[in-house]
Amino acid sequence: MGRDRPGLIRDILNKPARQNVNIVDMDQRVMQGICVMTVVADFASAETTPGKLKQWYQDNAERLAIDFSFLPLEGHQGRRQTAKELYVVTILARDRPGIIRDVAEVATRYEINIERASVTARGELISIEFLMDFAECIAEDCRAQLKRECERLGLDVVIQDLSQSRKEKRLIVFDMDMTIVDFEIINRLASFAGVDEEVKAITDRAMNGEMDFKESLRQRVCLLKGMPLTTLQEIAADLELTPGSEELIHHLKQVGYKIALISGGFTYFTDVLKERLGFDYVFANDLEIEDGVLTGRIKGDIIDAEAKGRMIFQLAEKEKISPDNIVAVGDGANDCLMIKNAGLGVAFNAKEVLKKVSDGSLSRENLLGLLNVLGLAEKEREV
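Numbering-wise (my numbering), the sequence shown opens with residue 30 and increments by one.
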């Protein structure tokens, strides 16, 4: 460890290289101007011994301006042969003391090895990215336990297989109600129509997976029969967005992502959001309107969970990318297939049924944390 400067790594490694010491693993990073480097060295074919090299560093530490320590690895056999099961685990939360300790305690409990950790602060939001090895446990069980424990600790967490996380993401798909828009639009329509209790009860059953979505939507729309178009216009003019959603979409588009909105709601409102936020694609259900009032029917096919799931593949084909290059964000049971079919599926302020099939969850105040999950926090600051 030492003050960072040009040539520091060369100067540290020059002596072992000349003595035929084989470097089999290395991690180096700079924090606040201090270079911290860990090296695993194999002396099997070296022209020196660990003791002699240690003495050389002691004699030259002042000249190199470094502090160092040697630690023997018992039974080390060169480069690791056993397979690791590496996952990128992103933790998001309001900053407080003890977060890293708490996560490390959970990891230890389930025999998960933390290989690396880095911290990014963004205002009051802290993001910690861990590289964890799940090789000593059953990965699927570990993921579920880690998600549950983090939620208990009040932490948002997203867990990605390392190889999957390295696949470039090109398109982000969002649900509309309670994801981009901060309320259920159909409940707002029902309130204007005086049938809010009836509609809300049906909505809750559908979002919790207790009722077929198509039937629930038909029942709710039927209750809106006779509503004037002016009511839709009034609601559309005052769409309250989820905190952070507008800023998030702005930065995603700035760095070149395509953005899609796939909703079980209505085209009247997705079209407004497309104009307002610049969505590249919008899909929703089409309310039938005759003589300026709702008929209580839906035109064409209904976009339900199955349709949302299919649209991931359709968008991938249209954009000439893989579904692995797509991120899906939603909140309810109707988003399950969309979340599962995307390369990365994030449950936002979500129902339990969706959390179970997602790669992780973000709470309502942490939507902007998606930038950290995607490794875009630094790019956001540059924009």
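No residue lacks a Cβ here, since even glycine has one placed at the ideal position from N, Cα and C.
Buried versus exposed call for residue i [16 or more other C-beta atoms within 10 Å across all chains shown]
i: residue 333; result: buried
i: residue 410; result: Because the pLDDT at residue 410 is just 46, under 50, the model does not fix this residue reliably, and the point stays unresolved.
i: residue 30; result: exposed
i: residue 49; result: exposed
i: residue 279; result: exposed
i: residue 34; result: exposed
i: residue 244; result: exposed
i: residue 60; result: exposed
i: residue 141; result: buried
i: residue 223; result: exposed
i: residue 91; result: exposed
i: residue 119; result: buried
i: residue 99; result: exposed
i: residue 294; result: buried
i: residue 43; result: exposed
i: residue 102; result: exposed
i: residue 232; result: buried
i: residue 45; result: buried
i: residue 187; result: buried
Check whether residue i and residue j have beta carbons under 7 Å apart
i: residue 51; j: residue 198; result: no
i: residue 272; j: residue 322; result: no
i: residue 352; j: residue 368; result: no
i: residue 211; j: residue 269; result: yes
i: residue 184; j: residue 117; result: no
i: residue 214; j: residue 298; result: yes
i: residue 308; j: residue 291; result: no
i: residue 86; j: residue 97; result: yes
i: residue 377; j: residue 391; result: yes
i: residue 201; j: residue 356; result: yes
i: residue 168; j: residue 114; result: yes
i: residue 327; j: residue 250; result: yes
Identity of the residues DSSP links to residue i by a beta bridge
i: residue 372; result: Answer is none; residue 372 lacks a bridge partner.
i: residue 295; result: 314
i: residue 287; result: 200
i: residue 389; result: 187, 375
i: residue 142; result: 162
i: residue 257; result: 322
i: residue 147; result: 158
i: residue 31; result: 64, 95
Counting Cβ pairs, one atom from each stretch, are 3 or more of them under 8 Å apart for the segment 263-280 and the segment 207-225? yes
Any contact between the segment 298-314 and the segment 196-213? By contact I mean 3 or more CB pairs, one from each, below 8 Å. yes
Which runs of the beta strand (DSSP E) fall wholly inside the segment 302-364 and span at least 3 residues, in chain order? 310-319, 322-328, 355-359
Pair every Cβ in the segment 334-354 with every Cβ in the segment 384-403, then say whether three or more of these pairs are closer than 8 Å. no
May I have a chain-ordered list of the beta strand (DSSP E) segments no shorter than 3 residues that lie completely inside the segment 156-233? 185-190, 200-203
What runs of the beta strand (DSSP E), each 3 residues or longer, lie entirely inside the segment 39-119? 51-60, 63-71
Do three or more CB pairs link the segment 171-190 to the segment 125-133 at distances below 8 Å? yes
Pair every Cβ in the segment 355-365 with every Cβ in the segment 323-342, then say whether three or more of these pairs are closer than 8 Å. yes
Cβ contact check for the segment 231-242 and the segment 158-169: 3 or more pairs under 8 Å: no
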